[in-house]
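Residue numbers (the numbering used here), protein chains in the order written: chain A, 11 to 225; chain B, 63 to 72.
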């Protein structure tokens, strides 16, 4: 474990806590894409299939359980909780996210570390996570003004994978046989997708103005 | 050291 990876995991956890706070405090999921939340639930379920078979550390197991439980809880809130469900804007959240699932799985069938069930689902989860934010970014562009908590949620979610890239560079330089191309390339693509969001987020922070993504 | 489990990251 290095400082970049720890910072990445904590930033990821923070993004989830900010989203939970937004939904709990405002009893609303306006500006939040249910489809992105569903994709993240699939990402965690597919990536942590080895949760009970492959013990790495207490930290690792604890975080996996937190990520799976929180992503399922958020999807449940948006789909089932009467007050939150009412604020979900399905006319804005129209990204065909099942195409992302299909494309990621297809790619994982061809590009993986080993042709085993766990490895294919792991690669699938890596590719899917890279594009999982797309429905959310599209929704932010459509919904015009973005409330602070949702903006912070997306910012921390994008920043965590950027910190992971620093972690991979650090590990590549310090560990003799460290190579993880699938996660690295996918992580760079994932972080790049946030580039324009980061730009507008920085502008809004600098001008102390409302975050607004151009349509 | 043994080949570190390649899935030690979240």
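Ideal placement from N, C-alpha and C gives every residue a C-beta, glycine not left out.
Asked	Found
Could you tell me which residues DSSP pairs with residue 155 of chain A in its beta bridges?	A/222
Where do the ends of the alpha helix (DSSP H) carrying residue 18 of chain A lie?	13-36
Taking the beta carbon of residue 105 of chain A as the centre, do at least 16 other beta carbons fall within 10 Å, making it buried, or is it exposed?	buried
Given a threshold of 16 other Cβ atoms within 10 Å of its Cβ, counted over all protein chains shown, does residue 114 of chain A qualify as buried or as exposed?	buried
Find the nearest neighbour of residue 167 of chain A within the set A/181, A/208, A/62, judged by alpha-carbon distance.	A/208
Determine, for residue 20 of chain A, whether the minimum Cβ-Cβ distance to residues of chain B falls below 7 angstroms.	no
Please tell me whether, using a cut-off of 6 angstroms, the distance from the CB of residue 149 of chain A to the nearest non-hydrogen atom of the ligand NAP is below it.	With respect to the ligand NAP, the structure shown offers nothing to examine, as it has no ligands at all.
Considering only residues of the same chain and omitting the five flanking positions on each side of residue 143 of chain A, which have a CB-CB separation below 8 angstroms?	46, 164, 167, 168, 200, 203, 204
Along the alpha helix (DSSP H) that carries residue 45 of chain A, what are the first and last residues, could you check?	44-57
So, does the CB of residue 93 of chain A fall closer than 7 angstroms to a CB anywhere in chain B?	no
Can you pull the chain B neighbours of residue 132 of chain A, defined as C-beta to C-beta under 8 angstroms?	69
According to DSSP, is residue 4 of chain A part of a helix, a strand, or is it coil?	Given that chain A is displayed from residue 11 to residue 225, the structure contains no residue 4 of chain A and the question cannot be resolved.
Distance, Cα to Cα, residue 170 of chain A vs residue 20 of chain A?	8 angstroms
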